[in-house]
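Peer 1: Okay, here's the structure, questions in a sec.
In the numbering used here, the protein residues as written are 724 to 1229.
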């Protein structure tokens, strides 16, 4: 009896509060949807938003230090859930991003007649999985968290009933993600067979000295397949083909969610498995990720450059391809960690860049959602003369685009790019730094082209536009304001972001 008792693991409820609160609110919303009349269902959106805010606030008591739970009995340092600074930074990014997505969604649900209860339940469920993933310290929990974050997203993309683009987007997203999961599970099974453990710390220790060459071969295959699975999730080239059509077919708030929270999930998982799980295989994943980074940023930026401003949904497509290019920049410091003596510093560059990218990209999508209310085709030409109609909105979008381009006054964008560039140079990856510099120049063209459209030809565009002072919904206004304030605040003290992010791992 005592041996059975000794296997029972204690649970630190405070440590697991962020994903637990998010999941609990998802269940509350699902049950409440059954009893609320149709006229009262908009309340579910505010309940979901309040739940995400509460989950984000639950991070505050965890700031005093590392907390661990679900640890092996007799081995308190081998745990499945760790609330360390890295976890808290990514959880903040996930929950804050989900909160902004919720604010964007409140009016989108009404405008497109989406099923309210299902929408909020799926969004909260996905956010709960995304919040769980950075705390996961064993391969089984990583895969489960990744799928909990991904599976509801399939349904959210295809939630617009009767919409061909939405159904096609959901199918492409589903098939690519299922393929990624299958490859990743095969890799995880190989690693378990080779090491006899799923905990990242034990996998890392065992991989340093495998006695049988056949096990070493199996482990190498497992490492490679696991990386391929995460490459799908991060939309790295050549596993990026689902991105543009998925973003166009999904409701705009969900496209914004996938562009930020989806990437945060993929990159945090990739960081954990490489830096904490496979440090002895840095000679395998370091060069592989460097090549992926170069391919991803180049393909993403060149495709964004080729977008026709008159094509339907060209604004969303440009943001989609831009997000692929940004994924390439995010991969650079992770690749550099494979060559660096201090991988934590290199990883800090990715975390800092992700924080910047999350704030400004969600802001850009928020303004795209605003323009889509009067111009459903969401062409780049629909933004012509936006400054004449809505000066503050145009200035905010211009600021977001300049941040993404890395130009003043978007200081945080410039700082983040310089940080990533430095990580590559410090690791001896001069060729990758050159590729990144070329891509930054390419990206400047299409970001500046879009920015110029905002201030151009207002008179010619005004004839077929609605009144310039049409009321903007309160939730959408709040989302745009929060993203703008956060972007300006980060631009005012960019070094604090890097300092905070650099100490966030290991």
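Even glycine gets a Cβ: it sits at the ideal position worked out from N, Cα and C. Since this is a predicted model, take the numbers as computed values, not measurements.
Taking the Cβ atom as the reference point for each residue, do residue 873 and residue 881 lie within a distance shorter than 8 Å?
Peer 2: Contact flag unset, no.
Peer 1: If we require 3 or more residues per run, which beta strand (DSSP E) segments fall completely within the region 774-857?
Peer 2: 790-795 and 798-806
Peer 1: Measuring only the C-alpha atoms, how far is residue 737 from residue 867?
Peer 2: Their backbone Cα atoms lie some 21 Å apart in a straight line.
Peer 1: Run through DSSP, which three-state label would residue 756 get?
Peer 2: In the structure shown, residue 756 sits in a helix (DSSP, three-state: H, G or I).
Peer 1: Return the CA-CA distance between residue 1050 and residue 760, expressed in angstroms with no decimal places.
Peer 2: 43 Å
Peer 1: In the DSSP output, what is residue 922 paired with across the bridge?
Peer 2: Residue 922 is bridged to 861.
Peer 1: Leaving aside the five residues before and after residue 1128 along the sequence, list all residues of the same chain whose C-beta is less than 7 Å from its C-beta, in chain order.
Peer 2: 1136, 1166, 1167, 1170 and 1171
Peer 1: In the region 1001-1073, which residue ranges form an unbroken alpha helix (DSSP H) of at least 4 residues, counting only runs that do not cross its ends?
Peer 2: Qualifying alpha helix (DSSP H) stretches, in chain order: 1005-1028 and 1037-1060.
Peer 1: With H, G and I counted as helix, E and B as strand and the rest as coil, what does DSSP make of residue 892?
Peer 2: helix
Peer 1: Can you tell me whether DSSP reads residue 1101 as helix, strand or coil?
Peer 2: coil
Peer 1: Flag this pair as touching only if the region 984-1004 and the region 847-859 have three or more C-beta atom pairs under 8 Å; answer yes or no.
Peer 2: yes
Peer 1: By the 10 Å Cβ neighbour count, where 16 or more other Cβ atoms means buried, how is residue 1154 classified, buried or exposed?
Peer 2: exposed
Peer 1: For residue 761, report the span of its alpha helix (DSSP H) as first-last.
Peer 2: No alpha helix (DSSP H) contains residue 761, which DSSP labels as neither H nor E.
Peer 1: Give me the Cβ distance between residue 1012 and residue 1057, rounded to the nearest whole Å; I'm assuming they're in contact under 8 Å.
Peer 2: 6 Å
Peer 1: Any chance the region 959-974 sits against the region 1007-1024, with 3 or more Cβ pairs inside 8 Å?
Peer 2: yes
Peer 1: Unbroken alpha helix (DSSP H) runs of length 4 or more, entirely within the region 1084-1156: which are they?
Peer 2: 1109-1112, 1114-1128 and 1134-1149
Peer 1: Name the residue from 929, 1052 and 825 whose alpha carbon lies nearest to the alpha carbon of residue 1160.
Peer 2: Minimum Cα distance to residue 1160 is reached at 1052.
Peer 1: Would you tell me roughly how many angstroms separate the C-alpha atoms of residue 927 and residue 852, rounded to the nearest one?
Peer 2: 24 Å
Peer 1: Hey, how far is the Cα of residue 977 from the Cα of residue 1088?
Peer 2: 10 Å
Peer 1: Can you give me the Cβ contacts of residue 779 inside the same chain, cut-off strictly under 7 Å, excluding the 5 residues immediately before and after it?
Peer 2: 815, 818, 819 and 822
Peer 1: When you compare only the Cα positions, how much space is there between residue 918 and residue 929?
Peer 2: 6 Å
Peer 1: Determine the burial state of residue 797: buried for a count of at least 16 other Cβ atoms within 10 Å of its Cβ, exposed for fewer.
Peer 2: Per the 10 Å Cβ criterion, exposed.
Peer 1: Name the two residues that bound the continuous alpha helix (DSSP H) containing residue 693.
Peer 2: Within the shown structure, residues of the chain are numbered from 724 to 1229, placing residue 693 beyond reach of any answer.
Peer 1: Could you pull the start and end residues of the alpha helix (DSSP H) that residue 972 belongs to?
Peer 2: 966-972
Peer 1: Could you give the distance in angstroms between the alpha-carbon of residue 975 and the alpha-carbon of residue 905?
Peer 2: 28 Å
Peer 1: Do residue 734 and residue 810 have their beta-carbon atoms positioned less than 8 Å apart in this structure?
Peer 2: no
Peer 1: Just to confirm, are residue 982 and residue 1084 a CB contact at a threshold of 8 Å?
Peer 2: yes
Peer 1: Please classify residue 1024: is it buried, with 16 or more other beta-carbons within 10 angstroms of its beta-carbon, or exposed?
Peer 2: buried
Peer 1: At a cut of 8 Å, does the region 1142-1156 reach the region 1197-1210 through at least three beta carbon pairs?
Peer 2: no
Peer 1: Which residues mark the beginning and the end of the alpha helix (DSSP H) in which residue 990 is found?
Peer 2: 986-994
Peer 1: Given 8 Å as the limit, is there contact between the region 1069-1078 and the region 1030-1038, that is, 3 or more CB pairs closer than that?
Peer 2: no
Peer 1: Between the alpha carbons of residue 841 and residue 767, how many angstroms are there, rounded?
Peer 2: 10 Å
Peer 1: What's the C-alpha gap between residue 1055 and residue 952?
Peer 2: 18 Å
Peer 1: Using three-state DSSP, classify residue 867 as helix, strand or coil.
Peer 2: helix
Peer 1: For residue 925, which of 1003, 1094 and 1047 has the nearest alpha-carbon?
Peer 2: 1003
Peer 1: Buried or exposed for residue 1164, please, with buried defined as at least 16 other CB atoms from any protein chain shown within 10 angstroms of its CB.
Peer 2: exposed
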